[in-house]
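Student: Position one of the sequence shown corresponds to residue 6 (this note's numbering), numbered consecutively onward. Below is the structure I would like to discuss, written out as structure tokens.
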Amino acid sequence: MLSVSEYRVPKRELPAEVTLWGQPPSRVSLFLSARAGRDSGFERPSELLNGPGAFLPVTRTEGEFSLFRRDAVLFVTVPAAEELGGERPLPEEFPSEEVHSTLVELTLEGGPSIRGWIRYLRPDNRSRLVDFLNEPERFLIVRAEELVHIVNKNRIVAVSIL
């Protein structure tokens, strides 16, 4: 007979800062799977945020367990190495002529803004920033030095290309 613990999926905690609509930023721990669905590495924060389900479990720094509605998340900030590390090819690993890189400022609902680089690979016939932004994933990655902001596209009011 199998025990309940044999059904648990191994997780690791990742400290992050989450900004919810209408709330100040909160320091939390996200729970990432030990295995990502697409490869053999750890789940990335963006994969967690783009995952199924309406709610995201977190632990606040005070130890309080909470559930955040994904649609209420404006953005999540994590160290860049947590999002960009691993074995998967990233846009930075392709020849520079194949990668589209745009410095942007995103204005979000409620007034905050995010400034950083959006990098993506797209076929030449659909390589505009608007094509990338219209992809179905709910969250996108904005790189800002040593940090990555994972931004809810449904909460973006305007995109300024810098």
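C-beta atoms are modelled at their ideal positions from N, C-alpha and C, and glycine is treated no differently. Since the model is a prediction, treat every value here as computed from it, not as a measurement.
Going by CA-CA distance only, name the one from Val156, Glu67, Val104 and Gly90 that's closest to arginine 32.
Tutor: Position 27 of the sequence shown, counted from the start, is the residue given in the question as residue 32. Taking only the C-alpha atoms, the option nearest arginine 32 is Glu67.
Student: Among the candidates Asn139, Val156 and Pro84, whose CA atom is the shortest distance from the CA of arginine 127?
Tutor: Here residue 127 is taken as the residue at index 122 of the sequence shown, counted from 1. Checking every option, the nearest Cα to that of arginine 127 belongs to Asn139.
Student: Would the beta-carbon of glutamate 48 fall within 8 Å of that of leucine 37?
Tutor: For the purposes of this step, residue 48 is taken as the residue at position 43 of the sequence shown. For the purposes of this step, residue 37 is taken as the residue at position 32 of the sequence shown. The answer is yes: Cβ separation under 8 Å.
Student: Under 8 Å, do valine 153 and isoleucine 161 count as touching if we go by C-beta distance?
Tutor: Numbered from its first residue, the sequence shown carries residue 153 at position 148. Numbered from its first residue, the sequence shown carries residue 161 at position 156. The answer is no: Cβ separation not under 8 Å.
Student: Give me the residue from Ala77, Glu88 and Thr107 with the minimum Cα distance to arginine 133.
Tutor: In the sequence shown, the residue the question calls residue 133 occupies position 128. Closest by alpha carbon: Thr107.
Student: Considering only C-alpha positions, which residue in the set Glu110, Pro141, Asn130 and Gly115 is nearest to glycine 121?
Tutor: Numbered from 1 along the sequence shown, position 116 holds the residue referred to as residue 121. Glycine 121 has its Cα closest to that of Glu110, out of Glu110, Pro141, Asn130 and Gly115.
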